[in-house]
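Numbering (my numbering), first residue to last: 46 to 270.
In this text, a Cβ means the ideal position worked out from N, Cα and C, and glycines have one as well.
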């Protein structure tokens with residue numbers, strides 16, 4: 046099962062535009078600072094989050110030391126993985142704002158990547174991280190991405206869904222509708238929220254769910270068939 050996911054933003058955008066969101070300081074959760082010092086103020090942590098601990102433990106368990114993130118965005122999770130481990134961490138995004146991360150010289154590399162059009166420069170020696178990118182794609186696209194990873198020889202995927210469909214998410218969508226009406230701002234279509242069963246159907250031809258965890262978010266570790 047899946048439902049449409051909507052958002053309400055401070056500006057008057059009517060269609061989702063990540064370039065605007067990454068560049069607009071008023072869009073706090075989505076804004077990627079231009080200066081390294083401001084970025085560090087945003088992402089700095091004195092100790093790893095529970096999610097970071099789980100991911101690093103699993104990476105160690107499967108014996109890998111390289112993380113390749115697709116659709117990194119602000120890269121808060123990736124920052125913690127880099128800071129609290131000796132793993133090589135590469136961040137990518139189709140949005141040009143990722144080049145700010147390259148300038149900060151925090152990660153081992155950062156570059157623009159269209160995950161559908163560009164070759165994936167990784168193999169079985171990497172863990173590929175999907176950090177909350179699922180809402181961006183329809184079912185066909187997400188299935189295609191899993192297929193491409195499998196054909197690229199990727200054995201391990203750490204998949205963190207942005208919106209795992211639940212009663213809480215349904216209530217959040219109702220709240221978004223009410224806020225939109227009260228503030229007179231458009232609801233912007235931001236993709237889909239899916240159940241675990243829906244996700245399984247999309248990765249099942251290529252991957253199995255090897256391990257799953259629940260913190261403030263769901264974390265799925267997928268293993269190639």
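Contacts around residue 235, its chain only, beta-carbon distance under 8 Å, and the 5 residues preceding and following it disregarded: Position 190 of the chain shown holds residue 235. Contacts found: 50, 51, 52, 61, 180.
Distance between residue 226 and residue 196 (C-alpha atoms, nearest Å): In the chain shown, residue 196 corresponds to position 151, counting from 1. In the chain shown, residue 226 corresponds to position 181, counting from 1. Taking the straight line joining both Cα atoms gives about 46 Å.
Alpha-carbon to alpha-carbon, residue 84 and residue 207: Working through the chain shown from its first residue, we reach residue 207 at position 162. Working through the chain shown from its first residue, we reach residue 84 at position 39. Rounded to the nearest angstrom, the two C-alpha atoms are 22 Å apart.
Beta-carbon gap between residue 137 and residue 109 smaller than 8 Å: Translated into the one-based positions of the chain shown, residue 137 becomes position 92. Translated into the one-based positions of the chain shown, residue 109 becomes position 64. Not a contact, by the Cβ cut-off of 8 Å.
Cβ contact (3+ pairs, closer than 8 Å) linking the region 198-214 and the region 166-173: yes
Rounded C-alpha distance that separates residue 251 from residue 193: Taking the first residue of the chain shown as position 1, residue 251 is located at position 206. Taking the first residue of the chain shown as position 1, residue 193 is located at position 148. Approximately 10 Å between the Cα atoms of the pair.
Endpoints, the alpha helix (DSSP H) within which residue 101 is located: Looking up residue 101 in the chain shown gives position 56. Residue 101 -> alpha helix (DSSP H) spans 95-107.
Rounded distance between the beta-carbons of residue 191 and residue 247, thought under 8 Å: As a working mapping, residue 247 is identified with position 202 in the chain shown. As a working mapping, residue 191 is identified with position 146 in the chain shown. About 6 Å separates the two Cβ atoms, so the contact holds.
Burial state of residue 100, where buried means 16 or more other Cβ atoms lie within 10 Å: Here residue 100 refers to the residue found at position 55 when the chain shown is read from its first residue. Its Cβ being crowded by 16 or more others within 10 Å, residue 100 is buried.
Backbone CA spacing between residue 75 and residue 66 [nearest angstrom]: Locating residue 75 in the chain shown gives position 30, where the first residue counts as 1. Locating residue 66 in the chain shown gives position 21, where the first residue counts as 1. If you take the alpha carbons of residue 75 and residue 66, they lie about 6 Å apart.
Extent of the continuous beta strand (DSSP E) run through residue 266: Your numbering for residue 266 matches position 221 in the chain shown. Element bounds for residue 266: 263-269.
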